[in-house]
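The next block holds one structure in the form of structure tokens; read it before the comments.
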Amino acid sequence: MSLVLQAAALGILTGGVYALMASGLTLIFGVMRIINVGHGALVVLGAYLSFALFRSFHIDPFVSLVVTMPAMFALGVVLQLAFIRPLKTDREALSVLVTYAIALGIEGVLGYVFTTNYVELRAWYETASFAIFGFHITYVYVFGFLLCLAILGALFLLLYRTTFGGAIRATMLNRTAAQLIGIDVDRVSALAFGVGVATAAAGGVVFGITNAFNPGSHYDLISRLLTIIVLGGLGSLRGAIIAALIMLVTEDITAVLISPVWANFVFFVILVAVLIVRPQGLYGVRVRDRI
Amino acid sequence: MRRPVSMIVAGFALVLSACGGSSASTNPSPQASITIGVSVSLSGDFSADGKALEQGYDLWMQDVNKKGGLLGHQVTMKYVDDASSQQQVVTNYTSLITQDKVALVFGPFSSLLTIPASTVTDRFGYAFPEPAGGGPAVFTRGLKSIFFVQPAAVEDNLVSYTKWLLGLPSGQRPKTAAYATQDDPFTQPQVDKAKGLLEAGGITTASYKVYPAEATSWDSLALTVVNSKADVVILGTQEPDAVAFIKVFQQQHYNPKSLIETTGPDQGKDFADKVGAATEGVMVPAGWTAAATAYGNSQFVSEFIAKYGGKAGDISADAAEAYSVGQVVEQAAKKANSIENSKLITALHSGTYQTIQGPMSFDSTGKPQGGVGVYIEQWQSGQAVFVYPPTVAGSNKPEYPKPNWP
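These protein sequence lines are chains A and B, in that order.
All residue numbers for the first sequence refer to the numbering used here, where the first residue is 4 and numbers rise by one.
All residue numbers for the second sequence refer to the numbering used here, where the first residue is 116 and numbers rise by one.
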């Protein structure tokens, strides 16, 4: 398989991981119109929780999701109740500050508990691979991609096949109208925030197996996740998936064809070009500005 | 009118992605204790190295205080975290000098941080002995107060390795080499010099890639190296990318005959914990080893284990380099009979200083002179040992070709 095809395959597989991580971020924005800058730190927290379970009890990182996802869901609900719900005015701007503070708090606690040394989740599938046309595909990426499909599939089912999903979508479309028809928007927001944070735990596991990480790893991560959801369209799950794939495939192909130095630049050129043509992103909904 | 949220978020993301005088203190009264200030990276990319530096400095402080202090002054170290940031390291040294009024300053980790830090310390007239900033750019700014306490200038770190490769019998000598390096003032000069020497020696370059130091994903880059099918691989890495490259090579079943990485494999247990059995055969340039018989080294090793635990092989070279900074300053203070910065600077520009890395002296730019050079260390049976040159390797021989990945 040619190098470009290998890079594209790698981009698709790692893009799935980023789609998983970005899905919670875009869901939270869609429901609450807040920008959760702390989402990267929550992904890293998810990775550390799995790391702790692995180190203490030798629980397989993927299996540990049975524990970490509910725990992170609960944490998300608590964070929403304690820090996001009190924001009544200028939520978009204030949420950036509040969630950034949450990120710094998480980073500080993780640094205290785990030190700032880089760690990695270890499992047999991190280096084991199988060959397709001479290119070895690592099991961890395949498992990560399957996990991504499973969780994103579950999210779609939740959103489009349940009453609660209907309430979420109604809130995403028009918060005030949703309230008027009797939807408890505050409750929906808290639960949606919890779901978004739970997906961060899932993303964190795959991120933690494929990358060395430390408590400060969230800075780079959140910048990438934010660009993904902007390209995909804020609040669009489908957009986050497509944008994540575009980002990773573009970067990987640029890295092998031209230079890694240009990998980010080429992606940002695409991002800017898309925003010029479609300011709302690939799948975003254009909202009329208030005058 | 409100700005589109997309634009706010995009702008914020772009900003995040872009991230990453008074006079020197005079001689305090003879009995007064003194504080030495250091900016260490306790978070961010260099956090593992920063912690090791802190351990080395602390151990030296313990030793010098046991001996009665630095010219009679008990020493206290003051550390501030720079988060591996070039902006923060400048703030830290400014604050240490102007607010904390430390008597002396020691260097941070990496050329990246040493360069901006030394500009500040020089402005305040402080001597700046430093353990880890040896890139060429450190010495070309006309500063007279900086002293790089390692056996050789950084760009020469891989020279021993190239000599060893080119000295192999013609039947075994590699024909092709692949290079990838961070665009970091510490790593790239080493790799570039090695590339020039190997090309001059007839080894063809199969691939050469430079990547941003702030990159966090190296898989596609590692694929480029894999596809080059080069006989040997030379990487200008820090620890996270050093580990990532090895993993991709394992995943792709790519077994070069030799692999050397500028940093990462020198991190002892920290490296072995992440790579596992795949450490076998991996090389790293190193100026220090726990087994060396240099001045005070065995005492350093035993005290280090007593204080921090672990085994000799677990000790990071960073800690040894930091300890050496203290040794050099201790001897310079004795020579100058003063801990005044101007007198230390004058003293350090002449004479030879004994350290656990061997003897060293400094030229007018602070570059180490006439040192014993940087050797090759290789992981063999779970520990890193000197394998070249034979004068320091003893009975250890380089494993060549490197064993296949487990």
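Where a beta carbon is used, it is the ideal one built from N, C-alpha and C, also for glycine.
Remember, it's a predicted structure, so these values are computed and weren't measured experimentally.
Contact under 7 Å by Cβ, residue i with residue j
i, j, result
"B:Glu270", "B:Pro304", "yes"
"A:Ala204", "A:Gly49", "yes"
"A:Asp223", "B:Thr339", "no"
"B:Ala232", "B:Tyr208", "yes"
"A:Leu285", "A:Gly242", "yes"
"B:Ala435", "B:Lys450", "no"
"B:Ser343", "B:Ala309", "no"
"B:Gln297", "B:Ala328", "yes"
"A:Ala266", "A:Thr257", "yes"
"A:Pro218", "A:Glu95", "no"
"B:Asp334", "A:Leu97", "no"
"A:Leu56", "A:Ile62", "yes"
"A:Ile232", "A:Leu28", "yes"
Residue i versus the options, residue with shortest Cα-Cα distance
i, options, result
"A:Val7", "B:Ala434, B:Val341, B:Thr470, B:Ala432", "B:Val341"
"A:His42", "A:Val116, A:Ser26, A:Ser53", "A:Ser26"
"B:Ala268", "B:Val440, B:Trp494, B:Val489", "B:Val489"
"B:Ser260", "B:Thr229, B:Thr467, B:Ala421", "B:Thr229"
"B:Thr408", "B:Lys278, B:Ile471, B:Lys344", "B:Ile471"
"B:Met192", "B:Asp164, B:Ser154, B:Lys278, B:Lys182", "B:Ser154"
"A:Ile212", "A:Ser239, A:Pro64, A:Leu107", "A:Pro64"
"B:Pro359", "B:Ala295, B:Gly428, B:Ala309", "Per the sequence presented here, residue 359 of chain B reads as Ala, with Pro not at that position. That would be B:Ala295, whose Cα lies nearest to the Cα of B:Ala359."
"A:Val46", "A:Val200, A:Ala247, A:Ile232, A:Leu240", "A:Val200"
"A:Ala77", "A:Thr202, A:Ile135, A:Leu228", "A:Thr202"
"A:Ile171", "A:Asp189, A:Leu155, A:Ser59", "A:Asp189"
"A:Val259", "B:Gln382, B:Val325, B:Tyr369", "B:Val325"
"B:Asp164", "B:Ser148, B:Thr150, B:Lys384, B:Leu374", "B:Lys384"
"A:Glu129", "A:Phe136, A:Leu23, A:Ile140", "A:Ile140"
C-alpha distance - residue i paired with residue j, whole-angstrom precision
i, j, result
"B:Gly473", "B:Pro266", "7 Å"
"B:Glu376", "B:Phe224", "18 Å"
"B:Asp433", "B:Val264", "11 Å"
"B:Phe262", "B:Pro400", "20 Å"
"B:Leu459", "B:Ala448", "6 Å"
"B:Ser417", "B:Thr480", "34 Å"
"A:Val66", "B:Lys216", "53 Å"
"A:Phe210", "B:Lys517", "30 Å"
"B:Trp175", "B:Tyr438", "5 Å"
"A:Ser226", "A:Gly33", "18 Å"
"A:Ala11", "A:Gly185", "47 Å"
"B:Gly396", "B:Ile420", "25 Å"
"B:Gly486", "A:Thr71", "Note on B:Gly486: pLDDT 49, under 50, position unreliable in the model; the coordinate value appears next. One C-alpha to the other measures close to 53 Å."
"B:Thr394", "B:Ala405", "18 Å"
"B:Glu445", "B:Thr506", "29 Å"
"B:Met398", "B:Val348", "10 Å"
"B:Ser510", "B:Pro483", "29 Å"
"A:Gly147", "A:Leu16", "8 Å"
"B:Phe477", "B:Tyr194", "26 Å"
"B:Gly379", "B:Ala247", "14 Å"
"A:Ser5", "A:Arg281", "34 Å"
Residue range of the alpha helix (DSSP H) that includes residue i
i, result
"B:Lys422", "412–423"
"A:Gly114", "94–117"
"A:Tyr128", "No alpha helix (DSSP H) contains A:Tyr128, which DSSP labels as neither H nor E."
"B:Asp433", "432–451"
"A:Tyr163", "142–164"
"B:Thr229", "226–238"
"A:Val20", "6–35"
"B:Gly351", "It is not in any alpha helix (DSSP H) - B:Gly351 instead sits in the beta strand (DSSP E) that spans 347–351."
"B:Ile261", "Looking at the DSSP string, B:Ile261 is not in any alpha helix (DSSP H); the run it does join, the beta strand (DSSP E), is 261–263."
"A:Ala212", "Reading off the sequence shown, one finds Ile at residue 212 of chain A, where the question assumed Ala. Segment 188–213, the alpha helix (DSSP H) holding A:Ile212."
"B:Thr408", "No alpha helix (DSSP H) holds B:Thr408; DSSP gives it neither H nor E."
Endpoints, beta strand (DSSP E) assigned at residue i
i, result
"B:Ser476", "473–477"
"B:Ser154", "149–155"
"B:Trp494", "490–495"
"B:Phe243", "243–245"
"B:Thr470", "468–470"
"B:Ala499", "498–503"
"B:Leu219", "219–221"
Distance between beta carbons of residue j and residue i, contact taken as under 8 Å
i, j, result
"B:Leu350", "A:Pro263", "Between A:Pro263 and B:Leu350 the Cβ distance is about 13 Å, and since that is not below 8 Å, they are no contact."
"B:Leu281", "B:Gly316", "4 Å"
"B:Ser200", "B:Ser162", "The pair is not a contact, with the Cβ atoms about 12 Å apart (cut-off 8 Å)."
"B:Gly250", "B:Pro289", "Not a contact, Cβ separation roughly 27 Å."
"B:Ala357", "B:Ser322", "Actually they are not in contact, since the Cβ atoms of B:Ala357 and B:Ser322 sit about 17 Å apart, beyond 8 Å."
"B:Ser158", "B:Ile491", "Actually they are not in contact, since the Cβ atoms of B:Ser158 and B:Ile491 sit about 32 Å apart, beyond 8 Å."
"A:Leu152", "A:Ser53", "In fact, because the Cβ distance is near 20 Å, the residues do not count as touching under 8 Å."
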